[in-house]
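Engineer:
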Amino acid sequence: MTDNTIPTPSRRAVPLWVQIIIWGVFAGLLVIVAITLNRSQQGTVQPGDRLNNFTMTMFTGYELNSQTQASLSSLNGKVVMVNFWASWCKPCEQEAADLRTAWQYYKGDSRVVFIGMDYVDTEPEARAYLEKFDITYPNGPDLGTKVSQLFRIKGVPETYFIDQTGVLRYVQVGPFSSVDQIKSIIDPILN
Amino acid sequence: MKLRRSLRIIYFVLFLASALIQTRTALAQLPTPSDDEVNRIAHQLYCPVCANTPLDVCPTEACRQWRDLIRQQLSQGWTEDQIKQYFVVQYGVRVLAEPPRTGLNWLVYVLPPLIILAGAILLLRVMKMWTKPAASLTKTISTPGDDKTSTKEASKDDYVMRLEEELRKRK
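Chains D and L, in that order, are what the protein sequence lines are.
The first sequence: position 3 = 3 (this note's numbering), numbered continuously.
Just add 191 to the spot in the second sequence (first one is 1) and you have this note's numbering.
(1) For the beta strand (DSSP E) that D:Met81 lies in, which residues bound it at each end?
(2) Any idea what DSSP makes of D:Thr145, helix, strand or coil?
(3) Under a CB-based cut-off of 9 Å, is D:Trp88 close to chain L?
(4) Mind checking D:Leu29: buried by the 16 CB within 10 Å criterion, or exposed?
(5) Assuming L:Asp227 is part of the alpha helix (DSSP H), what are its boundary residues?
(6) Anything in chain L within Cβ reach of D:Pro188, meaning under 9 Å, just list it in chain order.
(7) Looking only at C-alpha atoms, which of D:Ile189, D:Leu130 and D:Val120 sits nearest to D:Ala97?
(8) Between D:Leu117 and D:Tyr160, what straight-line distance do the alpha-carbon atoms span, to the nearest angstrom?
(9) Is D:Pro91 close to chain L? Criterion is C-beta to C-beta, closer than 9 Å.
(10) In the region 160-177 of chain D, which residues sit with their C-beta less than 9 Å from some C-beta in chain L, listed in chain order?
(11) Under 8 Å between beta-carbons, which chain L residues line up against D:Glu125? List them in chain order, please.
(12) Can D:Phe151 and D:Tyr137 be called in contact, C-beta distance under 9 Å?
(13) Would you mind reading off the limits of the alpha helix (DSSP H) that contains D:Gly24?
(14) If I'm right that D:Tyr119 touches D:Ala86 with Cβ under 8 Å, what's the distance once you round it to whole angstroms?
(15) Return helix, strand or coil for D:Pro124, following the three-state DSSP convention.
(16) Should D:Ile162 and D:Met81 be called a contact, given that it needs their Cβ atoms to be closer than 9 Å?
(17) Residues bridged to D:Gly116 by DSSP?
(18) Per the DSSP calculation, D:Thr60 is bridged to which residue(s)?
(19) Tell me whether L:Leu246 sits in a helix, a strand or coil according to DSSP, three-state version.
(20) Using a Cβ cut-off of 9 Å, pull out every chain D residue sitting near L:Pro224, in sequence order please.
(21) Interface residues of chain D around L:Glu355 at Cβ under 7 Å?
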């Protein structure tokens, strides 16, 4: 006679409420990961997109219509060029002179507004940069990177052209190649 | 002679007064913070433009400027919290090495311990399952040649019954 042992199968199941919680947490995590991935792969805002209103703070001496705060909605009816730059950004230096020249060309035209958004920078270096390239159009820091997040920028320099109705019309990723290029973007929007 | 003497006294008093003012100004300024003091705060911040690089070890020119800014703020008597708050206002909360305990950020603090706890419970259950059969070696089954009693006991066992049922079906 031989005695053999057999395992008694365990039949204690995990309570339903625990299962629901575990699967719920797992699903929640998946949703968060999916949303984050979707956001990171979205790219910049695209021409044709209507932009949400945002507020910009300007550097002293670089105000917009003598205002230290400006919102996109207050610029309705104008062609707005928003240029993201930084003092530590070498490609930004390549286009600085072209932007200055373009501003000189358009500054007498009240239908066009140039705005510089200084992206994650320190104010002394930003001011030194503006003085070095003799940039006089309105400029301000992108506080808390809120504006750049709204545009979903991928780096600097990046420039966005918004038409009179608040719709994005053109996106320039990287530096401009010439003043004529800037004019060739603004003029069709104006007309 | 008298006029000269009084002029000398006036010059002396003026000299003393200016020396006193200079000393007070020098006392009002804090000594230049050391690299260690700057890096202690920079370590708690991340470079806003580089990927996952703490500010104290970031080699870029922009990071050097930010470290200089911290040094300048420290020499002006700013506290650690004030400096961190300044960076948050300027560059957003993502510069903080430790996310603030608000909103969805709580997940960062709550989820890892919860997952570890759930894993531990699961491991405990699995280990119990593995050890249980060894502890419950009470039920026996018979092989050919066993006496009637043990066969009877075995036949009561669900598992054996199912096994026999399956064998019967196969025939």
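Virtual Cβ for every residue (Gly too), placed ideally from N, Cα, C.
Structural biologist: In short:
(1) Position 81 of the first sequence, counting from 1, holds the residue named residue 81 of chain D. It spans Val79 to Trp85 - the beta strand (DSSP E) in which D:Met81 sits, taken as one unbroken run.
(2) Counting from one through the first sequence, the residue named residue 145 of chain D turns up at place 145. It is helical.
(3) As a working mapping, residue 88 of chain D is identified with position 88 in the first sequence. So, interface residue.
(4) Residue numbering aside, residue 29 of chain D sits at position 29 when the first sequence is read from its first letter. By the beta-carbon neighbour count (other beta carbons within 10 angstroms, threshold 16), D:Leu29 is exposed.
(5) The residue you call residue 227 of chain L lines up with position 36 of the second sequence. Its alpha helix (DSSP H) spans residues Asp226 to Ala233.
(6) For the purposes of this step, residue 188 of chain D is taken as residue 188 along the first sequence, with counting starting at 1. None at all; the shortest Cβ gap to chain L is about 33 Å.
(7) In the first sequence, residue 97 of chain D corresponds to position 97, counting from 1. It is D:Leu130.
(8) In the first sequence, residue 117 of chain D corresponds to position 117, counting from 1. In the first sequence, residue 160 of chain D corresponds to position 160, counting from 1. At residue 117 of chain D the sequence reads Met, which differs from the Leu that was named. If you take the alpha carbons of D:Met117 and D:Tyr160, they lie about 11 Å apart.
(9) Sequence index remark: in the first sequence, residue 91 of chain D carries index 91 (1-based). Not one chain L Cβ lies under 9 Å of D:Pro91.
(10) If the cut-off is 9 Å between Cβ atoms, the region 160-177 of chain D has nothing near chain L.
(11) Mapped onto the first sequence, residue 125 of chain D falls at position 125. Per Cβ cutoff of 8 Å: Gln256.
(12) Looking up residue 151 of chain D in the first sequence gives position 151. Looking up residue 137 of chain D in the first sequence gives position 137. Judged by beta-carbon spacing, D:Tyr137 lies beyond the 9 Å limit of D:Phe151, meaning their Cβ atoms are not closer than that value.
(13) Here residue 24 of chain D refers to the residue found at position 24 when the first sequence is read from its first residue. For D:Gly24, the uninterrupted alpha helix (DSSP H) run begins and ends at Leu16 to Ser40, by DSSP.
(14) If you number the first sequence from 1, residue 119 of chain D lands on position 119. If you number the first sequence from 1, residue 86 of chain D lands on position 86. About 5 Å separates the two Cβ atoms, so the contact holds.
(15) The count along the first sequence starts at 1 and reaches residue 124 of chain D at position 124. Secondary structure at D:Pro124: helix, using DSSP grouped into helix, strand and coil.
(16) Here residue 162 of chain D refers to the residue found at position 162 when the first sequence is read from its first residue. Here residue 81 of chain D refers to the residue found at position 81 when the first sequence is read from its first residue. Yes, they are a contact pair.
(17) For the purposes of this step, residue 116 of chain D is taken as residue 116 along the first sequence, with counting starting at 1. For D:Gly116, DSSP records a beta bridge to D:Asn83 and D:Asn139.
(18) In the first sequence, the residue the question calls residue 60 of chain D occupies position 60. DSSP lists no beta-bridge partner residue for D:Thr60.
(19) Indexing the second sequence from 1 puts residue 246 of chain L at position 55. DSSP places L:Leu246 in coil when its eight states are reduced to three.
(20) As a working mapping, residue 224 of chain L is identified with position 33 in the second sequence. Among the residues of chain D, none has a CB under 9 Å from the CB of L:Pro224; the nearest is roughly 17 Å distant.
(21) The count along the second sequence starts at 1 and reaches residue 355 of chain L at position 164. Neighbours of L:Glu355 on chain D: none; closest Cβ ~13 Å, over 7 Å.
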